[in-house]
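>
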Amino acid sequence: MANKNEAAQLSAETIKMLIDQSHEVKKHSHCPYSKFRVGSALLTVDNRVITGKGNRLNPVN
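Throughout the sequence shown, residue numbering follows our numbering, covering 28 to 88 in sequence.
1) Just checking: is the beta-carbon of D73 within a distance shorter than 8 Å of some beta-carbon in chain B?
2) With a threshold of 16 other CB atoms inside 10 Å of the CB of A68, please say whether the residue is buried or exposed.
3) Thinking C-alpha only, which one of K54, A39, S38 and L37 is nearest T78?
4) In angstroms with no decimal places, state the Cα-to-Cα distance between K80 and K62.
5) Here's the rule I'm using: 16 or more other beta-carbon atoms within 10 Å means buried, otherwise exposed. How should Q36 be labelled?
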């Protein structure tokens, strides 16, 4: 595990997976007024991925 003062090194494959997941959840975001879709995917230190759309986060595994 990386020191809290060091940036974690992620593989290109992991980064692509997180970007792809954030784009997928963005498709389902609720934005009736701004029409600005937002999606996110976070990788925890124990390798769980949490996705979110708008202001909600949803564990996916």
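All C-beta atoms in this analysis are idealised placements derived from N, C-alpha and C, irrespective of residue type, glycine included.
Let me spell this out:
1) Of the chains in the structure shown, none is chain B; there is only one protein chain.
2) buried
3) Nearest option by C-alpha distance: K54.
4) 13 Å
5) exposed
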